[in-house]
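Peer 1:
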Amino acid sequence: KNGKAHHDEL
Amino acid sequence: MNIFRLTADLMHLASIFILLLKIQKTRSCAGISFKSQLLYALVFITRYIDLFFYWVSLYNTLMKIFFIGSSLYIVYLMQVKFRATNDPVLDTFRIEYLLAPCALLALVANYAFTAQEILWAFSVYLEAGAILPQLFMLQRRGEAETITTHYLFALGAYRGLYLLNWIYRYWAEGYVDWIAWIAGLVQTGLYTDFFYIYYTKVLKGQKFELPA
Numbered sequence: 001k002n003g004k005a006h007h008d009e010l
Numbered sequence: 011m012n013i014f015r016l017t018a019d020l021m022h023l024a025s026i027f028i029l030l031l032k033i034q035k036t037r038s039c040a041g042i043s044f045k046s047q048l049l050y051a052l053v054f055i056t057r058y059i060d061l062f063f064y065w066v067s068l069y070n071t072l073m074k075i076f077f078i079g080s081s082l083y084i085v086y087l088m089q090v091k092f093r094a095t096n097d098p099v100l101d102t103f104r105i106e107y108l109l110a111p112c113a114l115l116a117l118v119a120n121y122a123f124t125a126q127e128i129l130w131a132f133s134v135y136l137e138a139g140a141i142l143p144q145l146f147m148l149q150r151r152g153e154a155e156t157i158t159t160h161y162l163f164a165l166g167a168y169r170g171l172y173l174l175n176w177i178y179r180y181w182a183e184g185y186v187d188w189i190a191w192i193a194g195l196v197q198t199g200l201y202t203d204f205f206y207i208y209y210t211k212v213l214k215g216q217k218f219e220l221p222a
């Protein structure tokens with residue numbers, strides 16, 4: 001999957 | 011979490027404290043671009059809107075609240091409390107030329123066509139260019155207070171360290187995030203000239219002055 005639905009970085 | 015990301019986040023935190031210190035100590039926001047600070051507030055609000063939808067960690071949540079809160083506080087300091095020291099005459103970068111392309115790019119290049127993902131992509135693109143009004147102002151003034159240059163160094167180093175974090179995460183976790191990577195590379199690249207002068211002048215005890 002390209003990219004993330006959820007971003008853990010600031 | 012790895013050492014690069016943690017150091018980067020701490021540099022980012024430090025940059026904001028240095029900026030607040032500069033404004034409070036000198037009781038002036040001279041040399042600081044209000045437009046850049048306004049853009050950062052917009053960056054944090056659009057990116058950290060996910061505060062209400064996702065839980066990552068206590069660290070993540072506290073940092074997001076801090077970045078939104080402090081950026082709005084700085085906007086308040088510049089626009090209300092120390093308004094008299096703000097110099098719009100030198101702050102002439104046209105931010106609409108930054109906002110419009112970032113908005114367009116976010117609509118085209120995103121991870122999902124949802125409001126949240128479009129806002130996230132927009133915030134990443136906008137962050138990459140948000141320092142331009144500040145660098146433009148620096149160019150026009152031709153010099154900067156030392157504390158302001160420490161602020162800019164910490165702010166630039168933060169995204170530079172994220173590049174190392176991404177290399178590490180790709181190697182350790184197979185983590186890929188093209189949008190953040192390309193924008194982060196551009197963002198760090200914008201600081202190249204500044205880093206050079208900071209290194210050759212400020213770190214050697216001289217005043218930050220641009221060649222005439």
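Respectively, the protein sequence lines represent chains A and B.
Residue numbers for the first sequence follow this note's numbering, beginning at 1 and rising by one.
Residue numbers for the second sequence follow this note's numbering, beginning at 11 and rising by one.
Note that CB positions come from ideal geometry on N, CA and C, so glycine has one too.
All values reported here derive from a predicted model rather than from experimental measurement.
1. For B:ALA182, decide whether its Cβ has a neighbour in chain A, counting only Cβ atoms nearer than 9 Å.
2. Output the boundary residues of the alpha helix (DSSP H) element that contains B:TYR84.
3. Strictly below 7 Å CB to CB, what residues from chain A border B:VAL66?
4. B:TRP130 versus chain A: which residues are under 7 Å apart at the beta carbon?
5. Cα-Cα, which of B:MET11, B:ILE157, B:GLU155, B:GLN89 is closest to B:LEU68?
6. If you scan the region 85 to 152 of chain B from start to end, which runs of the beta strand (DSSP E) of 3 or more residues do you find wholly inside it?
7. Please name the residues in the region 69 to 98 of chain B whose beta-carbon is closer than 8 Å to at least one beta-carbon of chain A, in chain order.
8. For B:ASP203, report the span of its alpha helix (DSSP H) as first-last.
9. Which two residues bound the contiguous alpha helix (DSSP H) that contains B:LYS45?
10. In the DSSP assignment, what are the bridge partners of B:ALA154?
11. Are the region 17 to 36 of chain B and the region 147 to 167 of chain B touching, with three or more C-beta to C-beta distances below 8 Å?
Peer 2: In short, the structure shows the following:
1. In the second sequence, counting from the first residue as 1, residue 182 of chain B sits at position 172. No, no contact with chain A.
2. Translated into the one-based positions of the second sequence, residue 84 of chain B becomes position 74. The amino acid occupying residue 84 of chain B in the given sequence is Ile; Tyr does not appear at that position. Segment 68 to 86, the alpha helix (DSSP H) holding B:ILE84.
3. For the purposes of this step, residue 66 of chain B is taken as the residue at position 56 of the second sequence. Near B:VAL66 (Cβ distances below 7 Å), the residues of chain A are ASP8.
4. As a first step, residue 130 of chain B must be located in the second sequence, where it is residue number 120. Ordered by position in chain A, the residues that pass the 7 Å Cβ test against B:TRP130 are HIS7.
5. Along the second sequence, one-based indexing puts residue 68 of chain B at 58. Comparing Cα-Cα distances from B:LEU68 to each of B:MET11, B:ILE157, B:GLU155, B:GLN89, the minimum goes to B:MET11.
6. none
7. ASN70, MET73, LYS74, PHE77
8. Locating residue 203 of chain B in the second sequence gives position 193, counting from the first residue. Its alpha helix (DSSP H) spans residues 202 to 210.
9. Position 35 of the second sequence holds residue 45 of chain B. Run containing B:LYS45: 44 to 57, per the alpha helix (DSSP H) assignment.
10. In the second sequence, residue 154 of chain B corresponds to position 144, counting from 1. In the DSSP output, where bridge partners are listed per residue, B:ALA154 has B:PHE218.
11. yes
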